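Visitor: One structure, pasted below without further comment.
What follows is the structure, given as structure tokens:
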């Protein structure tokens, strides 16, 4: 009845509006598909050599992040060991200093996440490598080698922070970290330390064979060999450590600087086996965090990171020790490290020749070749303005001197904590590091919440402090 | 109009003489129209002498038969219009008398109409749950603030947490609980048909503050606010209706004598409470004790190498230095007038409100033009246009500085300047240099400058045409434009390098258009049918530009030519999305007592994944006025209505890029360097994977309710129960850090959440005399929230930001997931915690001991309002209450926890353990939590010692007004004077600043999960006192 009252044209008008609407709805998808500029697919984005270089550059860039080799690794390895004055520390740094990191620590979250960003970025290149059309097999090999080098490097270092060291258990079945060899959201549980080392070595051996002898600012085969030397040395496998360190020293083409500080400055070094590049373009600096740690706040005349008296005393014990100049210290003032304050822009020296000499020296000594050990050590000591060690020094004396000099020379270079643990495993089971047993639970960083949260089966480390 | 009536009467009268026919009775017929020349349907026309009556039909025509000879009084009444009576002299010869009538809308009665989205409905016909506020409830609530504040306590089920005391701060609005975890929980705001852009996080949490986009709307321009709470009401907004809809209608011009309104307000602002912190003596005492307890000897070593000689005589009250008495004012001028062709509302306002925080000020100019033009009958143009400019001077808050620093890192032993130190000490300097730059709030105030400038245009043009009486066709185009600039300038003394100017610029263009057709039919005066069909398209675009320069000595915004630098300095961003919708609504009423409504909306959006482009949102509702039945047996109950509805609404507050795999590109060299280039070359990174299944959240709501009126509405009450289930709830699922994905959190539709609750309100007119009235309004609502499913998410996967609130299956959305603190061990002074089995332990291990210890939701919220009127005086006051729930004071672990030399603490700290046998609130003072078995990171000291009862009752306002009686004044129609005090009294057990907390947040999930129940140095609400006057000429 009501419809009857409705005139035809009224009905038409109403229907036409609805019709327009329906029309729009059927063809509406077009004006609904605003796609963000940065939305795409990997198939569209990673097709050429140029693309692959961009994606791989991003992996190197992740290595240089302030939470990775750009600062945090170096800082934490000193905080948890014996090189820092903890008086003014608070927050996360104090948690490291007091060997009591919980699951909510920003530094460990960032180390884990940013570190694995480098791995994921490398893995993303690896998964697309076969599909790239304009690359020769040699070039593909080179890219594969670089990606595997980056992947191995991060796995090795994160393992050293988040798990007890190699040799903590006899078969190294204790928990390590997740092994990530694909770019995915898959849940991956922690592997044993033995398995992570196996993966690291396999990636590095593969990289060593794939990479060219010289690869500009990117990782080359000597970078892989040098890292293998570090890995085997950490495992106390002195045969392999010696062999790799020796090969790097002999064949890499790098030469020993005259000035021990040259490698922390811009351009005057030939020691860098693998470094993270800094350019003066924008914020492309691989050492930004180092400058923050040691910047002096003029309103209070203090830097954020202060060095411990023990490291200061060790390096100023001999008044001729040029490495004593590495410290800012005025009477009554606080002590902090100056060696990273030479230039504002310089390449971050992640692996350098001095370290290879230390590895070769100590490995030679362990292998019974005291003479080589003393020769290598004296190169470093001479440069530091110190008297040479006599060739007749006892092996115990040589060992101690190598380790003492290493502590000073590689201060704040992501070495000390790992080195102390290696020594403890090797020959000092009762070692106490600044008041804490080397193998107490707090001596490893707790797995942070961002690694635990997404995976209900992920196991945290024991939490009982030290 | 009177002329016309006289003419009609004259005509009728002349008929008398001209007529030659003789009837014993006459028929009166005519047509009833409103100011817009539109027919008024359903007008009751009653012959007073006999009570006989009729109702106007859809064309506004009526016919009253059998009118007896003689003088007859005929009354016309219709809800929303002023009642009219006419005296008609009927002669035996009258025959048919024509009596047309123009009825005037009655603004007072407009309350009986509610705005329901794309139309209005009589409240009587409503099947959904809608609350209405009108102008007088809105315009006097604050000085220079936002309109949201007016809603607090006025609408049951609507939880408004006013913004902190920062000027123009954002309020948190939740309608019937929180039904989302990761997606936005704010309601949709629609102003004059424009779906507003409303992003509280557009400026992030920069400076410890969130933005309030709603502050650009002048409360004085608002005619009414309608809050659509349930699905029956909100389903017409489809995929954006799930959090409720707040519809704002601005004032429209009215016919009749033009009026000019001027209103003015002046007031002051203070904090509701000032927290006590330690002075120098107290601070040194606490530090010394902790120093010794931690095994040190001698005097506590002062921070920054200061000596005791240096700080002699220094006792800085930092809080006092950063708070002030804020001065506020607001001026409004408006014009209202019109005739049958054009009606206009013009309004202009200026307000300037300082908060009690030094350096914080909000200034707003706004103007509005609303025109309704009726060039020819049946056609109407409406233009509604407003522009506002808000300028906010900001001082950083909470973690970012200002009052936050004043109570934390600014120690009482620190002076503002180095030359305030004891001249005999070594820290003394002749120079007027700031001491401890990055913890010194005065240095921050004086060396940095933060401003936000927001210009907003809201425009719409509506054309409605009625080809015939029952059909209305309307098209409306809306343009909501915002130009927001957030500026920051840092002096070289602050940066210690160069001056730095930064600007974050936003350009938001939010365009929408709507076409509707509404058809009405009435048959036999029993059936009334209204059908609405429509379509809507919305396109939202936002451009973002970030600029930074170190060669300017001022703000970017003081440079007109700054865009010249864009090429080298800019960093670009964008946001863009579209919605396309079809909708329809069918309302049927039978005998004006049975009501049914069916709503259907179909939405497509570019935000949804390609596998889920379209969503359907239906609702159905029924209403029944039982008291209209013949069998109604309670004569004193004049009105009793039952309502029930079911519907599906959606929530599409999801970031626009979420369905896509996204990439970061860095062209180097090129635009502003994001720090992602390497080796001088470009980089590219895949941020995340795509999710083509991404879709809106689905909320199914059942609502039942009843409205009652007793003793001719001397008492009115309503009760409602609702049950809402959110399915496909969006969760930011957490990937493992070792996945190495740039974004560890990805949106997935996996959760399920239930909200159910009861709302009750009652209003009584206790005394209703000519010279004295007293009325009381009371409301209470209880929402119960439960997370039913979160997929595989572990407790830490869905967090509410700082303060350890989490989402766990089987618990309310947002629980305090922390270690329970038991007591202080009287023997050792160590804190004793409880493990998950309830055993007491000294161990503190969050990884294994955390459990649910409270939740963020109040059990009951509501208000009690009393209004008195004695002759021309009126007095009103409202108590607002929120009972139940917990507050986590995230700063208390520093204010009352481990003693470190970089924070100030609170005097409650003196209730600490000192010797064997002491029973104390706080443990033995120590310098590191490691001494208590915890972490060396004092920030991880989260446990229930800092968890407080969130209940509070607040005297929200007291207002006293006086309407000056102007009889026959040539100048004024009306003058009203009033004084008001807001937040006068607060009753709470919470010992911190303020139990009503709207802290800074970084995203929607933090707001949903952390709610308004975590505080971290958050400034308190303001207590304000002001006087105002309204003049009508």
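Chains as they are written, first to last, in the numbering used here: chain P, 1 to 466; chain R, 1 to 1033. Even for Gly, the Cβ is constructed at its ideal location relative to N, Cα and C. From a predicted model like this one, the values you see are computed outputs, not experimental measurements.
Does any C-beta atom of chain P lie closer than 9 Å to the C-beta of residue 937 of chain R?
Guide: Yes, residue 937 of chain R lies at the interface with chain P (some Cβ there is under 9 Å from its Cβ).
Visitor: Is residue 158 of chain R near residue 229 of chain R, with beta carbons less than 9 Å apart?
Guide: Cβ atoms of residue 158 of chain R and residue 229 of chain R: closer than 9 Å.
Visitor: Could you work out which residue in R:880, R:823 and R:239 is closest to residue 923 of chain R when comparing CA atoms only?
Guide: Measuring from the Cα of residue 923 of chain R, the nearest candidate turns out to be R:823.
Visitor: According to a CB-to-CB cut-off of less than 8 Å, which residues of the stretch 47-74 of chain P neighbour chain R?
Guide: Those would be 51, 53, 54, 55, 57, 58, 60, 61 and 64, in chain order.
Visitor: Can you tell me which of the three DSSP states residue 1032 of chain R falls into?
Guide: In the structure shown, residue 1032 of chain R sits in a strand (DSSP, three-state: E or B).
Visitor: Is residue 316 of chain P helix, strand or coil when you go by DSSP?
Guide: If DSSP states are grouped into helix, strand and coil, residue 316 of chain P belongs with the helices.
Visitor: Starting from the C-beta of residue 434 of chain P, find all residues in its chain whose C-beta is less than 6 Å away, skip the five residues before and the five after it, and write them out in chain order.
Guide: Counting only Cβ-Cβ distances below 6 Å, and skipping sequence neighbours, we find 82.
Visitor: Between which two residues does the beta strand (DSSP E) containing residue 64 of chain R stretch?
Guide: Where residue 64 of chain R is concerned, the enclosing beta strand (DSSP E) stretches over 61-68.
Visitor: Hey, out of R:151, R:88 and R:155, whose CA is closest to residue 779 of chain R's CA?
Guide: Comparing Cα positions, the closest option is R:155.
Visitor: What do you reckon, are the CB atoms on residue 368 of chain R and residue 347 of chain R nearer than 9 Å?
Guide: Contact: yes.
Visitor: Can you tell me where the beta strand (DSSP E) holding residue 256 of chain R begins and where it ends?
Guide: Run containing residue 256 of chain R: 256-271, per the beta strand (DSSP E) assignment.
Visitor: If the cut is a Cβ gap below 9 Å, which residues of chain R does residue 372 of chain P touch?
Guide: The premise fails here: residue 372 of chain P is roughly 36 Å from chain R at the closest Cβ pair, so nothing lies under 9 Å.
Visitor: Are the CB atoms of residue 417 of chain R and residue 439 of chain R nearer to each other than 9 Å?
Guide: No.
Visitor: Any beta carbon from chain R within less than 9 Å of residue 360 of chain P's own beta carbon?
Guide: It does not; no Cβ of chain R falls within 9 Å.
Visitor: Mind listing the chain P neighbours of residue 909 of chain R? Cutoff is C-beta to C-beta under 9 Å, in chain order.
Guide: Here the premise fails: no neighbours, minimum Cβ distance about 18 Å.
Visitor: From residue 1053 of chain R to residue 783 of chain R, what does the alpha carbon distance come to, in whole angstroms?
Guide: In this structure chain R extends from 1 to 1033, so residue 1053 of chain R is not present and cannot be described.
Visitor: Could you name the residues of chain R that residue 42 of chain P contacts, counting a contact when the two beta carbons are closer than 8 Å?
Guide: Those within 8 Å of residue 42 of chain P in chain R are 661 and 686.
Visitor: Can you check which of these residues, R:223, R:936, R:740 and R:937, is closest to residue 254 of chain R by C-alpha distance?
Guide: If we check each option's Cα against that of residue 254 of chain R, R:223 comes out closest.
Visitor: For chain R, check one thing: does any of its Cβ atoms lie closer than 9 Å to the Cβ of residue 119 of chain P?
Guide: Closer than 9 Å: yes.
Visitor: Take the Cβ of residue 48 of chain P as the centre, count every other Cβ of all protein chains shown within 10 Å, and call the residue buried at 16 or more, exposed below.
Guide: With fewer than 16 Cβ atoms within 10 Å of its Cβ, residue 48 of chain P is classed as exposed.
Visitor: Could you tell me which chain P residues have their CB closer than 8 Å to the CB of residue 399 of chain R, listed as they occur along the chain?
Guide: Here the premise fails: no neighbours, minimum Cβ distance about 13 Å.
Visitor: Is residue 353 of chain R helix, strand or coil by DSSP?
Guide: If DSSP states are grouped into helix, strand and coil, residue 353 of chain R belongs with the strands.
Visitor: Find out if the Cβ-Cβ distance for the pair residue 118 of chain P, residue 63 of chain P is shorter than 9 Å.
Guide: Yes, Cβ-Cβ distance for residue 118 of chain P and residue 63 of chain P is below 9 Å.
Visitor: Less than 6 Å between C-beta atoms, sequence neighbours within five positions excluded: which residues of the same chain meet that for residue 990 of chain R?
Guide: Excluding residues within five positions, the ones whose Cβ falls inside 6 Å are 887 and 948.
Visitor: Would you check if the stretch 379-386 of chain R and the stretch 440-460 of chain R touch, i.e. whether three or more CB-CB distances between them fall below 8 Å?
Guide: Contact holds: three or more Cβ-Cβ distances are below 8 Å.
Visitor: From the DSSP output, which residues share a beta bridge with residue 875 of chain R?
Guide: According to DSSP, which records beta bridges pairwise, residue 875 of chain R is partnered with R:868 and R:960.
Visitor: Quick one: what's residue 782 of chain R bridged to in DSSP?
Guide: Answer is R:758, bridged to residue 782 of chain R.
Visitor: How many Å lie between residue 957 of chain R and residue 505 of chain R at the Cα?
Guide: In a straight line, the C-alpha of residue 957 of chain R is about 37 Å away from that of residue 505 of chain R.
Visitor: Along chain R, in chain order, which residues have C-beta atoms closer than 7 Å to that of residue 208 of chain P?
Guide: Correct list: empty, because the minimum Cβ distance to chain R is about 22 Å.
Visitor: Do residue 128 of chain R and residue 745 of chain R have their C-beta atoms within less than 9 Å of each other?
Guide: No; because the gap between Cβ atoms is not below 9 Å, this pair is not in contact.
Visitor: Against chain P, with Cβ distances strictly below 9 Å, would residue 109 of chain R count as a contact?
Guide: Low local confidence applies: a pLDDT of 45 at residue 109 of chain R is under 50, so the model's placement there is unreliable, with the coordinate-based value given in what follows. Chain P, which has no Cβ nearer than 9 Å to the Cβ of residue 109 of chain R, makes this no.
Visitor: Taking only beta carbons into account, state which residues of the stretch 573-595 of chain R come closer than 7 Å to chain P, listed in chain order.
Guide: Against chain P - using a Cβ distance shorter than 7 Å - the residues of the stretch 573-595 of chain R are 574, 576, 577, 578, 580 and 582.
Visitor: Near residue 533 of chain R, which residues of its chain fall below 6 Å by C-beta distance, leaving aside the five closest residues on each side in sequence?
Guide: Taken in chain order, the residues that qualify are 517 and 584.
Visitor: From this set, P:193, P:92 and P:248, which residue's C-alpha is nearest residue 356 of chain P's C-alpha?
Guide: If we check each option's Cα against that of residue 356 of chain P, P:248 comes out closest.
Visitor: Considering only their Cβ atoms, is the gap separating residue 331 of chain R from residue 265 of chain R smaller than 9 Å?
Guide: In contact: residue 265 of chain R and residue 331 of chain R (Cβ atoms closer than 9 Å).
Visitor: Could you please tell me which residues of the stretch 788-800 of chain R, in chain order, have their CB closer than 7 Å to any CB of chain P?
Guide: Answer in chain order: 792, 794, 796 and 797.
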